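Counting the sequence shown from 1 gives a position; our numbering is that position plus 122.
We put the CB at the ideal spot given by N, CA and C, even for glycine.
All values derive from a computational prediction rather than experimental measurement.
Read through the structure below, which is laid out as structure tokens, and then see the notes.
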Amino acid sequence: MHSMTQPGAGTTHVAASYNPDLKLATRRLSPQRGMTSVDWLTSYHTFSFGAYKDPEFNGFGTLRVINDDTVKPGGGFATHGHQQMEIITLVIRGTLAHKDSLGNGSIIHVGDVQVMSAGQGIQHSEFNASQQELVHFLQVWVIPNDHGMLARPRYDQRRAINPAITNRWQLLVTGDPKLEACTIYQDVRFYYAAITPGMQLPLEVGANRCVWIHGISGRCEVNGERLEDGDGLGFVSHMMPGKLSVGVDERQSYPASLLVFDVPPLQRI
């Protein structure tokens, strides 16, 4: 299997002393997720959400929600409010129409990333922008830092995923405003990658980090652990930096795509 070394986006240089391979902390297979199903919506919940409660999966570090939503044509979430939460939306298929109390109105396309810092409070709605096609998207919530808890609400949207790029980490969301990505009030790094058969992609992780891997499509292995559509794998680096390695079997006839959510713990590990 070929390995891709990336000194640029998606790779962080670390000290010589580190865990060569992070160990799996938890696994969440796609069929084990919670589900909400109504006339216009099918939503799979990686973590506890709404009426669905699972004390074993209330979040992972400051990562609080991953909802895998499919909305029928014309359906959607009517205006509702949020406070003290970072909300990230990534469209996988179709188009999503957004409106909010800050006066923003936009269409979110495949490859776009939208972030809202709810802070003191924001109202918004999300509807399928099509009357013919389904929209499939992920909504991700992150607990903000202390400043984000009390900040004025803000919004950003940008094209973040280039479908022509394979075997490279594409940075989607960060807590560092100096980087070319959507920013939120938390020390996070969210990445996307599409990995072709026979390739292996490394990612170095800092100390005291919680890293959740979410499979979007295809099949791959993360540090030897299998990941398929909708599956989740959680790794913790504890006191030393470490490394993740994502590989796709060369005998596989299609690439694998996945998301990496690199977040701090709720408290020091």
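Asked                                                                                                        : Found
Where Q389 sits in the DSSP three-state scheme                                                               : coil
Whole-number beta carbon distance between L272 and G241, since they are thought to touch under 8 Å           : 7 Å
Opening and closing residue of the alpha helix (DSSP H) in which D268 lies                                   : D268 to L272
CA-to-CA distance, D351 to T288, given in whole angstroms                                                    : 18 Å
Nearest-angstrom Cα separation, counted from D191 out to A156                                                : One detail in the question is off: residue 156 reads as Gly in this sequence, not Ala. If you take the alpha carbons of G156 and D191, they lie about 12 Å apart.
Beta-carbon separation (whole angstroms), P363 vs V327, contact threshold 8 Å                                : 6 Å
Spatially closest choice to G181 from A147, A282 and V193, by CA coordinates                                 : A147
Counted within 10 angstroms of its Cβ, other Cβ atoms place M321 as buried (16 or more) or exposed           : buried
Test item: CB-CB of G243 and G197 under 8 Å                                                                  : no
Inter-residue Cα distance where the pair is H220 and V295                                                    : 19 Å
Proximity of W263 and I209 at Cβ, strictly below 8 Å                                                         : yes
Exposure label - A303; buried when at least 16 CB within 10 Å                                                : buried
Sequence-distant residues of the same chain with beta carbon closer than 6 Å to C332, five excluded per side : F182, G183, V358, V385 and P387
For F383, the residue or residues it bridges with in DSSP                                                    : F312 and W334
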